[in-house]
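Worksheet for the structure shown next.
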Amino acid sequence: MFYLAFWQRRSTATVVEARDRQQARARAKSRQKQGYGVLVSLQQAKPEDAALIRRGVWVRRRRDGSSPQFGSASERQQARQQRSRYRSWL
Numbered sequence: 273m274f275y276l277a278f279w280q281r282r283s284t285a286t287v288v289e290a291r292d293r294q295q296a297r298a299r300a301k302s303r304q305k306q307g308y309g310v311l312v313s314l315q316q317a318k319p320e321d322a323a324l325i326r327r328g329v330w331v332r333r334r335r336d337g338s339s340p341q342f343g344s345a346s347e348r349q350q351a352r353q354q355r356s357r358y359r360s361w362l
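The sequence shown runs contiguously to residue 362 in this note's numbering.
Given below as structure tokens:
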């Protein structure tokens, strides 16, 4: 079972494989890097995220539940264009 660990100063999650929530929390804390901040929340990975993880694809799920990896091709293209428009400000 996969869990997504969300950190205070990180926009996306860290993937942790564990059998339950308690083990996932312990494994996430052992992988915590300097600058991540504290562990804010731990969520079980959605089925589509688990499929990506099994294929070896990097999962980018945000704390609010949204993901830049899902949606129609035109929605993803539009989001990329918007990001590149404001890239110099980010």
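We put the beta carbon where it would ideally sit given N, CA and C, even for glycine.
None of the values given here were measured: they were computed from a predicted structure.
In terms of CA proximity to Q304, L276 leads the group V331, R355, L276, K318. In terms of Cα proximity to E289, the closest of R352, R357, Q349, Q316 is Q316. Listed as beta-bridge partners of E289 by DSSP are F274. Where Q316 is concerned, the enclosing beta strand (DSSP E) starts and stops at 311-316.
In the structure shown, R335 adopts coil according to DSSP, grouped into three states.
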